[in-house]
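Each residue of the sequence shown is one higher than the last, beginning at 72 in the numbering used here. We put the beta carbon where it would ideally sit given N, CA and C, even for glycine. Before any comments, here is the structure.
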Amino acid sequence: MKIDKNSRWNFCAWLAGLLLPWLPVISAPVFANSQAAFFAPEPDAYVGDGRVSAFYHWREAIPRQPGQLLRSETLDKSVGLSAASEQHRILFTSTDGVSGSDPIAVSGAVFIPPGKAPDGGWPVVAWGHGTLGVADICAPSWQGRSLRDVRYLNSWLEQGFAVVASDYQGIGVPGFNPQFNNRSNAWTILDSVRAARHQHKNLSNKILLVGQSQGGSAVVVAAGYAKDYAPDLQLLGTIGTGIVYTSLADAGKVRPLDPARQQRFDPSIAYGFYHVIAAEALNPALDIKQIYTDEGLLLLHQARSSCLAALTSDVSGLQLTPARTFRSGDSRRAYDAPADDVGRPFPTVALAQPLFIGVGEKDGLVSTGNKLAADACSAGTSVHFYVYPDHDHSSTVNTSLKDSLPFAKALLRGEIPPSSCDTTSRVANSLR
């Protein structure tokens, strides 16, 4: 069953508004704190922990310095990338994106291209993956990657880029995954590169941030944080497809669900379960029984241990509709949701490096991708905006390579391609 992308993202916007009043305000980042020892939490199945190897659980005090390599091991080819000459699973330190200060352990993977590294080392693609689930077993370094992502990342390896890929906070390792917290995802992406460069001396300090969907959002946010959070990294630019954009001005503004969709089967409901699991972990006072019907609660429980493909299949099998999933009255609360910082809004779109935005014309996210392009142009960012007719949220990923690879190689040569900001507003407005 094909998911209606407009339905999926309208639903997620509505659900985010439903949860906003229940979530704590996240303070500004604090990069220095007391020297109290921090340890990884014990695995808790309620937030999806467990069923991975002991590699993922760091049992010693976690060093406070982010980007430190804790350990690594060879990654089995069955969950790796065929174009890599060597590949490793890594465990490294980062900063909790919720508290803004506590050290955490995060897992990920490093892939080295074939051949001899160029002078100065391999340029690095820091990869941000899309939504996969909240359970530890959903970590790409554990379960492997979709064919789409394998093809995409192999293409970068074949063009001479190393790939460093964070699993994100709480996926793979013990602890909850804050899901839509872009700050959390962004910091782990930046720290994964730092850790990889500790291990692999043949990696250069020429970094491209590249991501899709949730990861597309994460890399744009990472580019905004990098100056203060990771000034040691030399970022060349950012490439994002299917970016889920929420501006600071739009935080808490939610469009109500279309009443016509209330009785219509909607596979995209699966994504919302992950958001609610994260929201409940952030605020245990959130009463999920006030949100979901008994049928919805059954699937919410399943979401704690199921990755996206399996959960979407379960939702499809039950032919779930919003009306059967949610209790009446909750949508009213979504309309009145106040603006609240849950780490989802982009702190800035004024980026020091060029930004490539790829949008599929048939992607329901086009309404956020074009707004990001327009806002980033207005903020002075060098934006390179590409629209792909007849492509959706997923198919745009590999299609965009014909434009993103030349863009990346130009940046490596020290060239900045001409910005498309003079035409972006016109094109973006035509896609509304």
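The Cβ-Cβ distance between Ile359 and Glu351 falls below 9 Å.
Under the three-state reduction of DSSP, Glu229 is assigned to helix. If you compare the alpha carbons of Phe251, Val454, Ser170 with that of Pro425, the shortest gap goes to Val454.
Distances from the alpha-carbon of Gly440 to those of Gly429, Ser449, Cys448, Ala450 put Gly429 closest. Going by beta carbons, Gly121 and Ile175 fall outside the 9 Å limit. Gln361 is not a Cβ neighbour of Val315, given a cutoff of 9 Å.
Considering only Ser149, Leu224, Ile161, Phe126, the residue with the shortest C-alpha distance to Gln139 is Ile161. In this structure, Val196 keeps its C-beta atom at 9 Å or more from the C-beta atom of Gly295. Judged by beta-carbon spacing, Gln305 lies beyond the 9 Å limit of Lys272, meaning their Cβ atoms are not closer than that value.
Under the three-state reduction of DSSP output, Gly308 falls in the strand class. The beta carbon of Glu432 lies closer than 8 Å to those of Val458, Tyr459, Pro460, Asp461, His462, Leu502 in the same chain, with the five residues before and after it left out.
Each of Pro416, Ala233, Leu228 was checked against the Cα of Thr317, and the nearest Cα belongs to Pro416.
Distance between Ala481 and Gly308, taken at the CA atoms: about 10 Å. CA-CA distance, Asp147 to Arg130, rounds to 24 Å. Here DSSP, grouped into helix, strand and coil, assigns Arg160 to strand. In this structure, the beta-carbon distance from Ser263 to Gly168 does not fall below 9 Å.
Here DSSP, grouped into helix, strand and coil, assigns Phe456 to strand. The alpha-carbon of His159 is positioned some 25 Å away from that of Gly311. Scanning the region 190–226 for uninterrupted alpha helix (DSSP H) segments of 4 residues or longer gives 211–214, listed from N- to C-terminal end. By the criterion of a C-beta distance shorter than 6 Å, Gly287 is surrounded in its chain by Gly311, Thr312, Gly313, Ile314, once the five residues flanking it on both sides are discounted. By the Cβ criterion, the region 227–241 is in contact with the region 200–216, since at least three pairs of Cβ atoms, one from each stretch, lie closer than 8 Å. In the structure shown, Arg332 adopts helical secondary structure according to DSSP, grouped into three states.
Cβ contact annotation for Gln136 (same chain, cutoff 6 Å, sequence separation greater than five): none. Leu379 sits close to Tyr345, with the two beta carbons spaced by under 9 Å.
For the pair Tyr300 and Pro489, the Cα-to-Cα distance works out to about 28 Å. For Tyr127, the number of other beta carbons within 10 angstroms of its own is at least 16, and it is reported as buried. A Cβ-Cβ contact shorter than 9 Å links Ile340 with Leu391. Bridge pairing for Lys277: Gln305 [DSSP]. Thr145 sits in a strand when the DSSP states are folded into three classes. In the three-state DSSP reduction, Thr166 falls in the strand class (E or B). Within a 10 Å sphere around the beta-carbon of Arg398 sit fewer than 16 other beta-carbons, which makes this residue exposed.
Take the alpha-carbon of Gly204 and the one of Ser377: they are about 7 Å apart. Scanning Gly201, Val290, Leu368 for the CA closest to the CA of Arg216 turns up Gly201.
Under the DSSP definition of a beta bridge, Ser178 partners with Leu162. Exposed is the label assigned to Ala125, since fewer than 16 other Cβ atoms lie within 10 Å of its Cβ.
Looking at the DSSP output, Phe417 sits in a beta bridge with Ser318.
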